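Enquirer: Just dropping this structure here.
Protein chains: 2
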Amino acid sequence: MGTMKRAVTHPSAPHMPPLLARSAFELFADSGFANVNLDQIAARAGVTKGSLYWHYRNKKELILAACDHYYRHWQTDVEHAIAQGASPLERLRLALVFSVDSCIIDTRNRLFTTGVFMLMQEDADVRVSWSRFYGAVRAFYVGLVTAAQREGTPSPRDARRQVDLMLEAMEGLKLRAGFEPHIARPAERKAIVAGLLGVLCPIERTGRRKT
Amino acid sequence: MGTMKRAVTHPSAPHMPPLLARSAFELFADSGFANVNLDQIAARAGVTKGSLYWHYRNKKELILAACDHYYRHWQTDVEHAIAQGASPLERLRLALVFSVDSCIIDTRNRLFTTGVFMLMQEDADVRVSWSRFYGAVRAFYVGLVTAAQREGTPSPRDARRQVDLMLEAMEGLKLRAGFEPHIARPAERKAIVAGLLGVLCPIERTGRRKT
DNA sequence: TCGTGCCCATACTGTACGGTATAGTATGGT
DNA sequence: ACCATACTATACCGTACAGTATGGGCACGA
Chain A
1 MGTMKRAVTH PSAPHMPPLL ARSAFELFAD SGFANVNLDQ IAARAGVTKG SLYWHYRNKK
61 ELILAACDHY YRHWQTDVEH AIAQGASPLE RLRLALVFSV DSCIIDTRNR LFTTGVFMLM
121 QEDADVRVSW SRFYGAVRAF YVGLVTAAQR EGTPSPRDAR RQVDLMLEAM EGLKLRAGFE
181 PHIARPAERK AIVAGLLGVL CPIERTGRRK T
Chain U
1 MGTMKRAVTH PSAPHMPPLL ARSAFELFAD SGFANVNLDQ IAARAGVTKG SLYWHYRNKK
61 ELILAACDHY YRHWQTDVEH AIAQGASPLE RLRLALVFSV DSCIIDTRNR LFTTGVFMLM
121 QEDADVRVSW SRFYGAVRAF YVGLVTAAQR EGTPSPRDAR RQVDLMLEAM EGLKLRAGFE
181 PHIARPAERK AIVAGLLGVL CPIERTGRRK T
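Protein chains in written order, with my numbering: chain A, 1 to 211; chain U, 1 to 211.
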């Protein structure tokens with residue numbers, strides 16, 4: 001029955017959902033989830049609330065979409081950041097530099113993820129969303145660490161545990177940067193990267209003695 | 001004019017401000033800052049909003065009072081937790097156990113501090129409030145670490161840097177406990193304490209080779 | 001040409017909540 | 001006896017904002 005074409009829908013504005021998600025992310029990252037209303041998000045995308053509700057059922061769906069936007073960007077950005085690294089150890093170092101800079105310098109990143117943690121406490125969907133992302137980040141770093149260990153340094157036993165510890169410190173660092181801005185100075189950042197690298201490769205600093 | 005006395009005020013309900021602060025803290029810690037309104041806080045203290053506004057000028061002052069309540073309790077609790085420790089190293093370990101348990105098991109602690117971090121991003125008063133507390137916690141741990149180093153293990157160089165790294169990891173741990181509840185298992189907690197102790201006393205684990 | 005989904009805008013509703021105005025009570029000083 | 005101050009309760013206001021109702025234009029297929 002019917003002809004062949006006309007499968008189901010015929011969306012003529014497939015760009016809107018991602019555009020709205022991007023607008024939402026930017027506003028959330030600038031002002032926090034609670035301080036942004038749907039009118040602002042719609043306006044930033046060049047439409048009004050009526051249109052927004054065509055693409056998303058409620059604010060929570062927009063929040064989840066903004067989270068996905070963030071996750072995707074993190075992954076492409078970190079891949080790009082380590083692309084120049086020659087050795088595995090160097091790639092690991094570059095990844096750490098990228099992450100530390102994101103945490104300390106990028107205020108938006110800080111505000112957005114802090115807000116996610118807040119929402120996580122009261123919303124299971126946000127929780128699983130972030131959990132998935134965290135799993136990806138952990139897998140990424142575990143890969144880097146094991147690659148770096150194979151060539152060179154002896155080996156800490158459980159790479160995963162080291163990575164967890166490092167990522168925890170990274171989150172704490174993000175929070176601390178909010179009230180101790182002096183850690184944004186280059187020398188401090190360098191020391192922090194060294195400290196995190198020390199967590200991932202404990203034995204590696206046997207020869208150094210200079211801070 | 002007037003006689004000498006009559007200094008200033010004559011509070012007949014000096015218990016109300018701390019009572020309200022305590023009520024506020026408990027509600028905030030249970031439901032988050034944004035999900036608690038002033039009527040609830042007043043009701044929990046056995047009064048109404050009108051009275052509440054006699055003692056506190058606005059919600060923000062109540063929030064700051066609730067923070068102070070939390071800080072004070074943390075300090076007395078941790079002092080109590082390490083009281084049984086015989087050696088400095090043992091006291092350090094007890095402090096870590098206490099902190100890790102607070103972060104992982106105590107959901108209220110998690111929700112409250114996460115909310116504080118959120119508010120910190122947009123309110124300078126909350127920022128300095130937390131900053132002061134963080135300074136006290138850091139000083140506390142630096143004292144424990146240097147005491148533990150004097151007797152025994154060789155020495156990591158800068159105790160303060162190690163403590164910062166440890167506290168950052170602790171914060172991250174708190175957040176991670178929100179979406180990976182399996183780390184609340186006793187064995188995991190023990191491993192985490194060991195990991196943090198390893199951050200504070202890097203050399204110390206030369207003999208061990210287990211787990 | 002007419003209908004039928006897609007997409008968007010305008011206008012509105014309901015409500016939650018921070019804050020205020022105001023009136024009443026209890027107490028302690030003189 | 002009187003009054004001022006400390007405190008509490010009730011009722012209300014203003015506003016911000018999530019979500020809805022509704023209608024219009026536009027493409028396309030019949």
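Think of the CB as a built atom: it goes at the ideal place given N, C-alpha and C, for glycine as much as any other residue. The model shown is predicted, which means the values in this text are computed figures rather than measured ones.
Can you list, in chain order, the residues of its chain with a C-beta nearer than 7 Å to that of U:Val-142? Leave out the 5 residues immediately preceding and following it.
Expert: Ala-159, Arg-160, Val-163
Enquirer: Between the stretch 41-54 of chain U and the stretch 77-87 of chain U, can you find at least three pairs of beta-carbon atoms closer than 8 Å?
Expert: No: fewer than three Cβ pairs fall under 8 Å.
Enquirer: Is there a Cβ from chain A that is less than 7 Å from the Cβ of U:Thr-113?
Expert: No, U:Thr-113 does not count as interfacial toward chain A.
Enquirer: Where does the unbroken alpha helix (DSSP H) through U:Asp-158 begin, and where does it stop?
Expert: Element bounds for U:Asp-158: n/a, residue is neither H nor E.
Enquirer: Give the DSSP-derived three-state secondary structure of A:Ile-82 in the structure shown.
Expert: helix
Enquirer: Would you say U:Ser-23 faces chain A, with C-beta separation under 7 Å as the test?
Expert: no
Enquirer: Against chain A, which members of the stretch 170-188 of chain U pass a CB distance test of less than 9 Å?
Expert: Met-170, Glu-171, Gly-172, Leu-173, Lys-174, Leu-175, Arg-176, Gly-178, Phe-179, Glu-180, Ile-183
Enquirer: Would you identify the three-state DSSP class for A:Ser-87, choosing helix, strand or coil?
Expert: The answer is coil: DSSP assigns A:Ser-87 none of H, G, I, E or B.
Enquirer: Is the beta carbon of A:Leu-200 less than 7 Å from the beta carbon of A:Val-145?
Expert: yes
Enquirer: Can you give the beta carbon distance from U:Cys-103 to U:Met-16, rounded, assuming they're within the 8 Å contact cut?
Expert: With 8 Å as the limit, U:Cys-103 and U:Met-16 do not qualify as a contact, their Cβ atoms being about 32 Å apart.
Enquirer: Within 10 angstroms of the Cβ of U:Asn-109, are there 16 or more other Cβ atoms? Answer buried if so, exposed if not.
Expert: buried
Enquirer: Thinking C-beta only, is U:Ala-45 closer than 7 Å to U:Ser-31?
Expert: No, these two residues do not count as a Cβ contact at 7 Å.
Enquirer: Can you tell me the Cα-Cα spacing of U:Pro-18 and U:His-55, whole angstroms?
Expert: 10 Å
Enquirer: With a 10 Å radius around its C-beta and 16 neighbouring C-beta atoms as the bar for buried, classify U:Val-128 as buried or exposed.
Expert: Result: exposed.
Enquirer: Quick check: the Cα distance between U:Ala-148 and U:Leu-89, rounded to an integer number of angstroms?
Expert: U:Ala-148 and U:Leu-89 have their C-alpha atoms roughly 5 Å apart.
Enquirer: Which stretch, first to last residue, makes up the alpha helix (DSSP H) that contains A:Tyr-56?
Expert: Counting along the chain, A:Tyr-56 falls outside any alpha helix (DSSP H), and DSSP gives it neither H nor E.
Enquirer: What number of angstroms, rounded off, separates the C-alpha of A:Arg-132 from the C-alpha of U:Lys-49?
Expert: Going from the Cα of A:Arg-132 to the Cα of U:Lys-49 covers about 43 Å.
Enquirer: Under a CB-based cut-off of 7 Å, is A:Glu-26 close to chain U?
Expert: no
Enquirer: Since A:Leu-165 meets chain U, which of its residues come closer than 7 Å, beta carbon to beta carbon?
Expert: Ala-169, Gly-195
Enquirer: Which of the residues in the stretch 133-144 of chain U, read from start to end, lie with their CB under 8 Å from any CB of chain A?
Expert: Tyr-134
Enquirer: Could you confirm whether any beta carbon from chain A is found closer than 7 Å to the beta carbon of U:Arg-93?
Expert: Not an interface residue.
Enquirer: Just checking: is the beta-carbon of A:Arg-127 within a distance shorter than 7 Å of some beta-carbon in chain U?
Expert: yes
Enquirer: Residue ranges of each beta strand (DSSP E) run of no fewer than 3 residues wholly in the stretch 114-199 of chain U, ordered along the chain?
Expert: As far as the stretch 114-199 of chain U is concerned, it has no whole beta strand (DSSP E) run of at least 3 residues.
Enquirer: U:Ala-191 to U:Tyr-53, Cα distance in whole Å?
Expert: The alpha-carbon atoms of U:Ala-191 and U:Tyr-53 are separated by roughly 48 Å.
Enquirer: Going by DSSP in three states, U:Asp-106 sits in which element: helix, strand or coil?
Expert: coil
Enquirer: Measure the CB-CB distance between A:Leu-119 and A:Met-166 and report whether it falls below 7 Å.
Expert: For A:Leu-119 and A:Met-166, no; Cβs fall outside 7 Å.
Enquirer: Looking at chain U, is there any beta carbon in it that lies within less than 7 Å of the beta carbon of A:Cys-201?
Expert: Answer no: the Cβ-Cβ gap between A:Cys-201 and chain U never drops below 7 Å.
Enquirer: Could you list which residues in chain U have their beta carbon closer than 8 Å to that of A:Arg-161, in chain order?
Expert: Ala-191, Gly-195
Enquirer: Report buried or exposed for A:Ile-105, applying the criterion of at least 16 other Cβ atoms within 10 angstroms of its Cβ.
Expert: exposed
Enquirer: Does the beta-carbon of U:Glu-168 have 16 or more other beta-carbons within 10 angstroms, so that it is buried, or is it exposed?
Expert: buried
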